[in-house]
Each structure stands twice: as structure tokens, then as C-alpha cells.
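J.: This is the structure, below, for whatever I ask next.
In the numbering used here, the protein residues as written are 135 to 274.
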């Protein structure tokens, strides 16, 4: 008789395709404590970061999910992409916009903290854009 195994089975992908899985082949996912799974939580935190390629995004999602699940779940991807793909293109700010945004962010404690976190993994312009998004969400 045929045997079946628990967990994700290996999948073949076509040309110029990127497939993301919540866990690696042969493993099962971990339920999260909140409304979303650890994978979905990490994905939602990273998918709209301007200028972050899908490949770099998945590295962040993988690391965050693994940390949230204490190593029990490691997201997996299979790709045959021929070029970089971005969900959100990098916004280009002129120096005046960058300076004005940075001044506003530095005057707001929540946005300033977000800027400091983003500077650890992004360039100044990306960090300012993300910090500015945080500032706008606080103002709403």
C-alpha cells in the first residue's frame, strides 16, 4: 500500500515563479497565540516594506517565524525568478523631503523608536519612509 507522511510535500515550480510555504517540507506549522499564525504575522510585518525584494523579505519572514516558534517552524520557499520582484517599490525622496520627514520622525517618540529599529536593517531613506508610515498611523 501507499504510505503518506505528515507535513509539507516537496513541490516543483515553473519558470519565473516564487512559491512561499509557511514551513519546510516534511514539517507542520505552529499555531500562533493571536489572530494570525507566526508565519502570517511575520509576512504581514514585512510585505509592504518599500524596496525589499521578495527574496530578502522571505529571509526576514523565515528568521522571525523561526524566532516566534522557538525553532519549531522554518518557512520555506522555492523560486525560479529571473529578476528581482518587489511588492512595494522603493520610494525616492529628494533631500528636502528626507530632511523634513526625518525632523518630524525625530520629534515623535513612537516614530523615532521605529526609525531606530529600521536603521538596523535598512538604509536611511527606507528607514525614514517606514518611520514616516508609523508617524502617519499614529496621527490617524
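Virtual Cβ for every residue (Gly too), placed ideally from N, Cα, C. None of the values given here were measured: they were computed from a predicted structure.
For a minimum of 4 consecutive residues, which ranges assigned as the alpha helix (DSSP H) are wholly contained in the segment 176-248?
T.: DSSP runs (the alpha helix (DSSP H)) wholly in the segment 176-248: 188-202 and 229-240.
J.: Taking three-plus beta-carbon pairs below 8 Å as touching, is the segment 196-213 in contact with the segment 166-183?
T.: yes
J.: Let me know the secondary structure DSSP gives residue 251 once reduced to three states.
T.: Here residue 251 corresponds to residue number 117 of the chain shown, with the count starting at 1. Residue 251 falls in the helix class under three-state DSSP.
J.: Report yes if the CB atom of residue 237 is closer than 8 Å to the CB atom of residue 218, and no otherwise.
T.: As a position in the chain shown, residue 237 is number 103, starting the count at 1. As a position in the chain shown, residue 218 is number 84, starting the count at 1. No, the pair does not count as a contact, with Cβ atoms beyond the cut-off.
J.: Look up residue 154 in the DSSP assignment and give the residues it is bridged to.
T.: The sequence position of residue 154 within the chain shown is 20, counting from 1. DSSP output for residue 154 lists 211 as bridge partner(s).
J.: Check whether the Cβ atoms of residue 147 and residue 213 sit closer than 8 Å, and answer yes or no.
T.: Locating residue 147 in the chain shown gives position 13, where the first residue counts as 1. Locating residue 213 in the chain shown gives position 79, where the first residue counts as 1. Yes.
J.: Going by alpha carbons, who is nearest to residue 196 out of 180, 185 and 184?
T.: Here the question's residue 196 lines up with position 62 in the chain shown. That would be 180, whose Cα lies nearest to the Cα of residue 196.
J.: Assuming contact is defined by CB atoms lying nearer than 8 Å, are residue 185 and residue 149 in contact in what I supplied?
T.: As a working note, residue 185 is residue 51 in the chain shown. As a working note, residue 149 is residue 15 in the chain shown. Taking 8 Å as the Cβ cut-off, residue 185 and residue 149 do not qualify as a contacting pair.
J.: Which residues in the same chain have their Cβ closer than 6 Å to the Cβ of residue 191, if we skip the five residues on either side of it in sequence?
T.: For this step, residue 191 is matched to residue 57 along the chain shown. So the list reads 180, once near-sequence residues are dropped.
J.: Near residue 140, what residues of its chain come up, given a Cβ to Cβ distance below 7 Å and the 5 sequence neighbours on each side ignored?
T.: The residue labelled residue 140 in the question sits at position 6 within the chain shown. Answer for residue 140: 162, listed in chain order.
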